[in-house]
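Peer 1:
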């Protein structure tokens with residue numbers, strides 16, 4: 090049976106403090122047995138590690154491009170210090186969430202922060218969890234330059250097959266989220282239909298309180314079901330392969 094793994098959710102954020110126990114209980118009831126918590130901010134790491142330990146979550150350590158620090162070298166040193174502390178923890182699986190976002194300010198600083206985190210990923214032989222908005226050419230160039238051993242995943246991917254293949258040819262996987270459930274997401278549906286299933290992960294990218302009760306388990310199941318339909322295979326087979334993709338990437 091699939092373990093059902095949500096490869097990207099932010100349940101460590103303070104907005105979940107009052108309902109986190111209920112969320113994880115509901116996820117377990119829905120058959121979601123593993124969640125990956127990406128890092129977002131150097132100041133959030135302690136809370137993130139607490140939540141990961143309490144609920145047996147995998148986790149990444151990184152600085153999101155929305156949270157560019159004032160002193161990037163200092164922040165990267167702090168991040169590396171925590172990385173060294175956590176290297177022996179089996180649930181420490183990646184560097185990130187890191188990347189580029191053209192809709193946010195400080196783009197040059199974002200690029201410096203990304204390069205620093207890619208260097209850490211190579212140094213400590215870890216995959217990366219990547220965020221990218223309207224910056225794919227620059228991100229692809231950075232990844233080509235970095236030549237990471239463990240590659241990683243472009244989370245929340247929503248692009249066309251041609252763009253997807255550029256990442257896949259470099260060895261990266263694509264995180265597919267609930268945008269796939271949108272009837273108008275034609276490019277993404279074509280991408281999921283076209284790519285080998287082995288190149289995909291599933292995620293909810295949960296970062297806000299649910300609008301209609303605690304339903305993220307149902308959301309993940311719906312994403313898997315849609316992927317299975319587009320790939321013309323059974324939901325069970327799709328779930329097993331999607332789990333395997335994440336387990337292999339993160340060495341879990």
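Numbering (our numbering), first residue to last: 90 to 341.
Cβ coordinates follow ideal geometry from the N, Cα and C atoms, glycine included.
1. Would residue 152 and residue 202 be called neighbours here (beta carbons separated by less than 8 Å)?
2. Using a 10 Å radius around the Cβ and a threshold of 16 neighbouring Cβ atoms, would you call residue 340 buried or exposed?
3. Buried or exposed: where does residue 104 fall if 16 or more other Cβ atoms within 10 Å of its Cβ makes it buried?
4. Buried or exposed: residue 275, going by 16 or more other Cβ atoms within 10 Å of its Cβ?
5. Using the Cβ count rule (16 or more neighbours within 10 Å means buried), how would you classify residue 187?
6. Rounded to the nearest angstrom, what separates residue 254 and residue 305 at their Cα positions?
7. Per DSSP, what kind of secondary structure is residue 263 in: helix, strand or coil?
8. Pull up the distance between the alpha-carbon of residue 157 and that of residue 119, whole angstroms please.
9. Please name the residue in 134, 109, 128, 147 whose C-alpha comes closest to that of residue 338.
10. Do you know how far the Cα of residue 200 is from the Cα of residue 234?
11. Taking the alpha carbon of residue 122 as the reference point, which residue from 198, 128, 112 has its own alpha carbon closest?
12. Thinking just about the alpha-carbon of each residue, which of 298, 321, 319, 328 is nearest to the one in residue 309?
13. From this set, 291, 129, 117, which residue's C-alpha is nearest residue 335's C-alpha?
14. With C-beta atoms as the reference, is residue 60 less than 8 Å away from residue 280?
15. Can you give me the C-alpha to C-alpha distance between residue 184 and residue 240, rounded to a whole angstrom?
16. Using the rule of at least 16 other Cβ atoms within 10 Å of the residue's Cβ for burial, across every protein chain shown, is residue 116 buried or exposed?
17. At what residues does the alpha helix (DSSP H) containing residue 166 begin and finish?
18. Tell me, please, which residues DSSP counts as bridged to residue 278.
19. For residue 148, which beta-bridge partners are listed by DSSP?
20. In the DSSP assignment, find the beta strand (DSSP E) that holds residue 97 and state where it starts and stops.
21. Among 191, 155, 214, whose alpha-carbon lies nearest the alpha-carbon of residue 177?
22. Can you tell me the Cα-Cα spacing of residue 95 and residue 319, whole angstroms?
23. When the Cα atoms are used, what is the spatial distance from residue 303 to residue 160?
24. Compare the beta carbon distance of residue 192 and residue 222 with 8 Å and say whether it is the shorter of the two.
25. Quick one, which of 285, 267, 273, 278 has its alpha-carbon nearest residue 258's?
26. Going by beta carbon distance, what residues of the same chain come within less than 7 Å of residue 252, once the five residues before and after it are set aside?
Peer 2: Concretely, from the data shown:
1. yes
2. exposed
3. exposed
4. exposed
5. buried
6. 29 Å
7. strand
8. 36 Å
9. 147
10. 13 Å
11. 112
12. 328
13. 291
14. Nothing about residue 60 can be read from this structure; the chain reaches only from 90 to 341.
15. 11 Å
16. buried
17. 161-175
18. Answer is none; residue 278 lacks a bridge partner.
19. 126, 181
20. No beta strand (DSSP E) holds residue 97; DSSP gives it neither H nor E.
21. 214
22. 19 Å
23. Because residue 303 sits at a pLDDT of 48, beneath the cut-off of 50, its placement in the model cannot be relied upon, and the following sentence gives the value as read from the coordinates. Those two C-alpha atoms are separated by around 38 Å.
24. yes
25. 285
26. 225
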